[in-house]
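J.:
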Amino acid sequence: MQPATKTDSLLGSQPPPRGSSSGTLGGLGNRFVALFAKRLPRLEFAAEVGRSVSEAMRVTAVAVLGYETRRERLVLLAAEGLNTEAVAALGGGDACTWDIPLRSLRNHRISIITAAHKNPFVPRALAEVSRLGLTIVAVPVLQNEQPAGVVLLFASGNRSFSDADLYTLSQALLVCAPVLRDTEGAASPAQPVTVEDGKVRQTLAKLAAAGAIIDPGAAQAQPAEPPPEPPRWQDRSAEATSPASADFEAERRRWEEQILSLQQELESTNARLRQLTLQNHSLVRERDDLVQRLHDQEAEKAAEVARLQAELNALQDRLVAAEAERTRTARLADSRVQILQQSLANLQKEWESLRSQSGSVEAQLAEWQTLALAVFEERDRLVAQIESLHAHRRTLEEQLAQLRQAAEQDRTAFAADRDAWQAQATEARKQLAERTKALARLEAEARAVALQRDALSEQLQQLRAELDRVAQLAEETHAQFADSETARAAAMAENQVLRDALEQERQRAADTAATLRAELASEHAQVESLAHLVDTLRSQVAQQERLLEENQQAWEALHNQWSAAERELERLRSELEATAAGRAEAELRLAQVEEARSAAVRERQALREEVAALRRQVVELEAGRAALRAQLETQASATELELEQLRVQAAAWQQQAEQTAEELRRTQADLQRATAVTTALQAAVEELRQRLTESLADRERLAHELEQREALIQAAEQARQALELQIQEQRDRAQEERAFWQSQVDQAAEERAQLVSRLVELEQALQAAERQRAQFAAELSELRSERERWRQQVEALQQSLTAAETELAAAREEATRARLDATEERNHAQMLERALRAELAAVRSDAEAAAGQLQRLQEQVAAAEEALQHREQVADALRRELAELRQQLADRALLAAQAESLGARVVELEQELAAARTEAARAQDRSASEWEERVVALERELARVRGEAASAERARAALAEELLVARNLVAQTQVAADRKLATLRETIDHLEQERRRLEDAIARQSAEREAQSSLLSAAQTELEQRTQERDQARQLAAELEQRLREGNQELRVLAERLGALEQEAERLRVERARQCADLERLEAERSELERVATELRAQLDAATERWKADRAAWEEQVHALERELQETRAVQSEKHQETSELRALLEHWQAQAAEAERERTAATEQAQERERTLQELRQRF
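Take a look at the structure:
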């Protein structure tokens, strides 16, 4: 989070043009001056300043902070538009813990924080000032370049502030600096603050110059100041009475005109300076905005990781809470059952009041039969769904086990590879430590390769961590399925009974099973696509492992080659030292010749010339050695050019060049020492003049030796020509290297084409994701159709409720008939007591026939309601289970939300059903109102219990418990439906007999009218229900659309991750190819160095043989030296000319070496540019 504008430069510059700020900001300084003139206490003054700034800048909130010099801290003085939490975040009267305002004040810079609601460095209480976007600006207030306070602006949305507005505000706040600055700590904030009038006048002058005060009349409110002292020339002009006053007045006008012109120039200069300052501030703000956006992106990534971790923790907590809620709901349901049993026992006493009610038996009986058929069909469909879900779960368990086994194998292989790599790395480090002294010049390159290896290791560890995380998730999922398998094993016995009972009903559910199989096939396709993605990632990781191993082998081979090159260089140094020994021997021989020629002056002159010739020979040898060194340097430069791609090998060759230069310097020192010895020999020649006679034989020998020296010169010329050929070969090799780098550029272009093709493949994958999204949309339509089926089922349940009420009325009629046959009814009641639950055991066998009949009818109503409740619970559980199986791999949180919405919809339907029951009961005979109210109360209690149970079921995220509950509910539904079917058949027989006995047509017509009224009420209720269902369908569609968008986002994230892995694999592949090419080049260079070393060794052997021959012929040359003296002089002039030519040739070689060095530098820069281009291409694709 970098500030955007430097306040010291802003305050120190001249004010911007007046048109740069609004009139409200321009008059802000006048308001501050008026407040300052009132001499308010510090806190009141800060509150007024905050209100004024809030109105002028039109911001959401303003905070005014004062600076305490003794403690060097900021204290909150006033806050406008901030809540209690935000005030506490700024210190709440104590020291402000947020460091951005204090940093802005110390740096004299205006800090602008855009998108502050997403910035992790902004306190959360401040970020919540505006959730739609927030911009925070910290404007420091200075007094004579000393800190006085800070004004914080909070603006909603993406609002920006111009430089002119911030400049005008900062200049206007200069008036407030004496009050906000507390030089005595927190001494007395309520006392008025007094400031020297001189400082106030200076501040007002700055404000007027900056344009912060636009109304000069407002400045009259400032403290009274003494009128300025009139200039001396005015006094003199007022007092002067001489005629010279006219000349003085003219002079004064001229000076005033000059001052006016200077002021105009100064104003224009200040305007230009302000413009440049504003441009500079804009550039700084743009730079800070870029840095801020970068930090925001990093913060968003960190927040996203934290959010995902929090969601995972929340899911775990919800799982624990769901388990506890399930236990509590079970206990609560048991208590509710006991209460209902007691309520049903109390209802036995009220059955007599229900005898007088009657209704339309035929219509209600038909509706009841239709309801029974619908219940049976729904039962069959649910059973088929349960079977298909069991098969789907087993398939998923098998696939998960396979994935877990594959992940375990991959993790084991990765661990073994990691251990082997660590052992290799340890061995390599030991070898590197042993060869540190021998490979000092290659240390930088080894360090770079180690860094590259560490980077690859870190990437490998990251990939392994990612695979471990996937394996951990797979293990967690496997554990959940293991729990489900345990629950399934526990319920196998119960399911076996259910399968035997429903074996004959499976054929009718074939269509529904086919639909579910199609859905499961789509789920399998999704799972297979995810498995394919995991296999792809695994293959990429394996490929990276192989590339890493190949790079390690190439690195070891490169080290071996470097060691061989080092040994070869050591051998060449030893040969050069042998050459230096030969040169020392030659110098010793020269000393002997000089001693022999010291007998006479002419001999001395001849010996001097011979020494000069020997010097030239030494120079020629040194030139040959320099040519050899140039050749070695050229080869080093070529190698340095090739190893420049690795960025660190150049240092080794540079060190080698420095060592060669050091050897050259030592050779020059040896030559200087030889020169000193020659000087001493010249002094000795003066003392040996008397031995002139003895030197005649020596002159003849020296003449012969001179001829030998000429032969040596010719050999040196031949060596020079050979060196020129070698230099030409080096140039050819440089051309070949340039061609090689051009091929590398072509290869990079091919790689770019491959990246483009990969991009096309990713686009195709994105299109496949779009097709998958279309499949999700199809599933959404299927869910909508399923919701329509459930609505029809609810309607059928409503009809069954009406039929149950009709049956209750028929039961009242049947009670009269039951009295005639007490024995039969008692036996029938005992049979019903055994078929129903434990709550009917309390019915005594000696109950009256009417009481037993009423009990039977009441239990039938309770069983119907209970069956309805169980059916609804089974439907809820199956819907949740089906939705979880479809969306479990995508997002469990969204699945829970959908289950909650469906559960809420079921609760609403139950409430509407209860309302319909109440409305239907209201249309019946008023004599049973008390009983009906009791029934409604019980139904509400049941609805509340259902809501609690549904809430507990929605909170459960584990599949095992939901499957177990679904099986139990299906079994209970089946048993209850069977019992209800038998009861309904018996009831139908009794009602048929009762119908024939009904003769009262008026009562039947009245019952029909009442039924029509109830149907009208039901139609109205159905209309309201349709409206609510439409609204809920819209909400469900919106939620599903949001889920689809999130799924697409996850697919894009996976695609980006896959692209990153592919880019890394391509980079490793290119690196490997480059290292192989470097290895081949190093091998070729090693062969070339061996060939050159062999040639140099042969040349040194030939030179040694020649020196031996020279030593044998030395005596003969001394005898011939006197005879050849004149010829020697002529030869000497020729030698001088040849020396000049050799020097010119040496300079030419040096120029060629400089040209080669420039070519090497250019090639290095070109290689670096190509490397940067390749990096840009990798980053781009």
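Going by the working numbering, the sequence shown runs without a break in its numbering and finishes at 1185. A virtual CB, placed ideally from N, CA and C, is assigned to each residue, including glycine. Predicted model only: the values in this text are computed from it and were never measured.
#1: Helix, strand or coil for residue 134, going by three-state DSSP, please let me know.
#2: Would the region 284 to 300 and the region 173 to 184 be scored as touching if the rule is three or more Cβ pairs under 8 Å?
#3: May I ask you to list the residues that DSSP assigns as paired with residue 158?
#4: My assumption, with CB atoms under 8 Å, is that residue 627 sits in contact with residue 1129. Please give the rounded CB distance.
#5: Between the Cα of residue 36 and those of 131, 173 and 123, spot the shortest distance and give me the residue it belongs to.
#6: Output yes or no for whether 8 Å exceeds the beta carbon distance between residue 141 and residue 104.
#7: Where residue 1194 and residue 1092 are concerned, what is the direct C-alpha to C-alpha distance, given to the nearest angstrom?
#8: Can you look up residue 1127 in the DSSP assignment and give me helix, strand or coil?
#9: State the CB to CB distance for the pair residue 64 and residue 134, rounded to an integer number of angstroms; the pair is presumed to be in contact (CB under 8 Å).
#10: Please list the terminal residues of the continuous alpha helix (DSSP H) segment that includes residue 174.
#11: Check the C-beta distance from residue 71 over to residue 151 and give it rounded, since I have them as a contact under 8 Å.
#12: Per DSSP, residue 329 forms a beta bridge with which residues?
#13: Would you call the CB atoms of residue 124 and residue 306 closer than 8 Å?
#14: Rounded to the nearest angstrom, how far is the Cβ of residue 712 from that of residue 1117, given a contact under 8 Å?
#15: Please report the distance separating the alpha-carbon of residue 160 from that of residue 86.
#16: Could you check the C-alpha separation between residue 396 and residue 389 for me, to the nearest Å?
#17: Compute the Euclidean distance between the alpha carbons of residue 750 and residue 1163, then round it to the nearest angstrom.
#18: Can you tell me whether residue 1140 is buried or exposed? The criterion is at least 16 other CB atoms within 10 Å of its CB, across all chains shown.
#19: Just to confirm before moving on: does the CB-CB distance between residue 96 and residue 81 stay below 8 Å?
#20: In chain order, what residues of the same chain lie with their CB nearer than 6 Å to the CB of residue 728, ignoring the 5 residues before and after it?
#21: Is residue 1177 helix, strand or coil by DSSP?
#22: Out of curiosity, what's the CA-to-CA distance linking residue 318 and residue 311?
#23: With a threshold of 16 other CB atoms inside 10 Å of the CB of residue 245, please say whether the residue is buried or exposed.
#24: Looking only at C-alpha atoms, which of 165, 154, 61 and 257 sits nearest to residue 50?
#25: Is it buried or exposed for residue 1060, if we count other Cβ within 10 angstroms and need 16 for buried?
#26: What number of angstroms, rounded off, separates the C-alpha of residue 223 from the C-alpha of residue 308?
#27: Quick one: residues in its chain with C-beta nearer than 8 Å to the C-beta of residue 1133, no 5 flanking neighbours on either side, listed in chain order?
#28: Where does residue 1188 fall in DSSP's three states?
#29: What's the C-alpha gap between residue 302 and residue 122?
#30: Classify residue 730 as buried or exposed, calling it buried when 16 or more other Cβ atoms lie within 10 Å of its own Cβ.
#31: May I ask which residues mark the beginning and end of the beta strand (DSSP E) holding residue 115?
#32: Residues bridged to residue 1051 by DSSP?
#33: Check the C-beta distance from residue 129 over to residue 90 and give it rounded, since I have them as a contact under 8 Å.
#34: Going by the DSSP bridge assignment, what does residue 99 pair with across the sheet?
#35: On the DSSP letters alone, give me the boundaries of the alpha helix (DSSP H) that residue 32 sits inside.
#36: Would you decide whether residue 1153 is buried or exposed? Buried here means 16 or more other CB atoms lie within 10 Å of its CB.
T.: According to the structure data:
#1: Working through the sequence shown from its first residue, we reach residue 134 at position 130. Here residue 134 sits in coil by DSSP.
#2: Under the three-pair Cβ rule at 8 Å, the region 284 to 300 does not count as touching the region 173 to 184.
#3: The residue labelled residue 158 in the question sits at position 154 within the sequence shown. For residue 158, which the question treats as bridged, DSSP gives the partners 65 and 140.
#4: On the sequence shown, position 623 is the one that residue 627 refers to. On the sequence shown, position 1125 is the one that residue 1129 refers to. Rounded, the Cβ-Cβ distance is 28 Å, inconsistent with contact.
#5: Residue numbering aside, residue 36 sits at position 32 when the sequence shown is read from its first letter. Taking only the C-alpha atoms, the option nearest residue 36 is 173.
#6: Locating residue 141 in the sequence shown gives position 137, where the first residue counts as 1. Locating residue 104 in the sequence shown gives position 100, where the first residue counts as 1. It is not a contact, given that the beta carbons lie outside the stated cut-off.
#7: Lying before the first or after the last residue shown, residue 1194 is absent from the chain, which here runs from 5 to 1185.
#8: The residue given as residue 1127 occupies position 1123 in the sequence shown. Looking at residue 1127 - three-state DSSP - the assignment turns out to be coil, as it is neither helix nor strand.
#9: Along the sequence shown, read from residue 1 onward, the residue named residue 64 stands at position 60. Along the sequence shown, read from residue 1 onward, the residue named residue 134 stands at position 130. With a beta-carbon spacing of about 6 Å, residue 64 and residue 134 fall inside the 8 Å limit used to define contacts.
#10: Stepping through the sequence shown from its first residue, residue 174 is reached at position 170. For residue 174, the enclosing alpha helix (DSSP H) begins and ends at 167 to 176.
#11: Here residue 71 refers to the residue found at position 67 when the sequence shown is read from its first residue. Here residue 151 refers to the residue found at position 147 when the sequence shown is read from its first residue. That belief holds up - the Cβ atoms of residue 71 and residue 151 are roughly 5 Å apart, short of 8 Å.
#12: Numbered from its first residue, the sequence shown carries residue 329 at position 325. Beta-bridge pairing by DSSP links residue 329 to no other residue.
#13: Start at 1 with the first residue of the sequence shown, and residue 124 comes out as number 120. Start at 1 with the first residue of the sequence shown, and residue 306 comes out as number 302. Against a cut-off of 8 Å, the Cβ pair of residue 306 and residue 124 comes out as a contact.
#14: Position 708 of the sequence shown, counted from the first residue, corresponds to residue 712. Position 1113 of the sequence shown, counted from the first residue, corresponds to residue 1117. With a contact defined as Cβ atoms closer than 8 Å, residue 712 and residue 1117 qualify at about 6 Å.
#15: In the sequence shown, the residue the question calls residue 160 occupies position 156. In the sequence shown, the residue the question calls residue 86 occupies position 82. Taking the straight line from one Cα to the other gives about 13 Å.
#16: As a working note, residue 396 is residue 392 in the sequence shown. As a working note, residue 389 is residue 385 in the sequence shown. Between residue 396 and residue 389, the C-alpha separation is close to 10 Å.
#17: Looking up residue 750 in the sequence shown gives position 746. Looking up residue 1163 in the sequence shown gives position 1159. Between the C-alpha atoms of residue 750 and residue 1163 there is a straight-line separation of about 22 Å.
#18: The residue you call residue 1140 lines up with position 1136 of the sequence shown. Taking all protein chains in view, the Cβ of residue 1140 is surrounded by fewer than 16 other Cβ atoms within 10 Å, so the residue is classified as exposed.
#19: Your numbering for residue 96 matches position 92 in the sequence shown. Your numbering for residue 81 matches position 77 in the sequence shown. Not closer than 8 Å, so no.
#20: Within the sequence shown, numbered from 1, the residue matching residue 728 stands at position 724. Answer for residue 728: no residue qualifies.
#21: One-based indexing of the sequence shown puts residue 1177 at position 1173. Residue 1177: helix per DSSP, three-state reduction.
#22: Residue 318 sits at position 314 when you count from the first residue of the sequence shown. Residue 311 sits at position 307 when you count from the first residue of the sequence shown. Distance between the alpha carbons of residue 318 and residue 311 is about 10 Å.
#23: For the purposes of this step, residue 245 is taken as the residue at position 241 of the sequence shown. Summary for residue 245: the model assigns pLDDT 41, below 50, so the residue's position carries little reliability, and this model does not support an answer.
#24: By one-based count along the sequence shown, residue 50 stands at place 46. Considering only alpha carbons, the answer is 154.
#25: Start at 1 with the first residue of the sequence shown, and residue 1060 comes out as number 1056. Exposed, since its Cβ has fewer than 16 Cβ neighbours within 10 Å.
#26: The count along the sequence shown starts at 1 and reaches residue 223 at position 219. The count along the sequence shown starts at 1 and reaches residue 308 at position 304. Confidence at residue 223 is low in this model, with a pLDDT of 38, below 50, so its placement is unreliable and no value can be given for it.
#27: Residue mapping note: residue 1133 aligns to position 1129 of the sequence shown, counting from 1. The answer, listed in chain order, is 613.
#28: Because residue 1188 is not part of the residues shown, which for the chain are 5 to 1185, the question remains open.
#29: The sequence position of residue 302 within the sequence shown is 298, counting from 1. The sequence position of residue 122 within the sequence shown is 118, counting from 1. In a straight line, the C-alpha of residue 302 is about 11 Å away from that of residue 122.
#30: Counting from 1 along the sequence shown, the entry for residue 730 is found at position 726. Residue 730 should be labelled buried.
#31: Residue mapping note: residue 115 aligns to position 111 of the sequence shown, counting from 1. Taken as a continuous stretch (DSSP letters only), the beta strand (DSSP E) holding residue 115 covers 113 to 117.
#32: Here residue 1051 refers to the residue found at position 1047 of the sequence shown. Paired residues: none, contrary to the question.
#33: The count along the sequence shown starts at 1 and reaches residue 129 at position 125. The count along the sequence shown starts at 1 and reaches residue 90 at position 86. Right, the Cβ-Cβ distance comes to about 5 Å (below 8 Å), so this counts as a contact.
#34: In the sequence shown, counting from the first residue as 1, residue 99 sits at position 95. DSSP, once it has assigned bridges, lists 79 as partnering residue 99.
#35: For this step, residue 32 is matched to residue 28 along the sequence shown. Secondary structure note for residue 32: its alpha helix (DSSP H) is the uninterrupted segment 32 to 42.
#36: Counted from its first residue, the sequence shown places residue 1153 at position 1149. By the neighbour-count rule (16 or more Cβ atoms within 10 Å), residue 1153 is buried.
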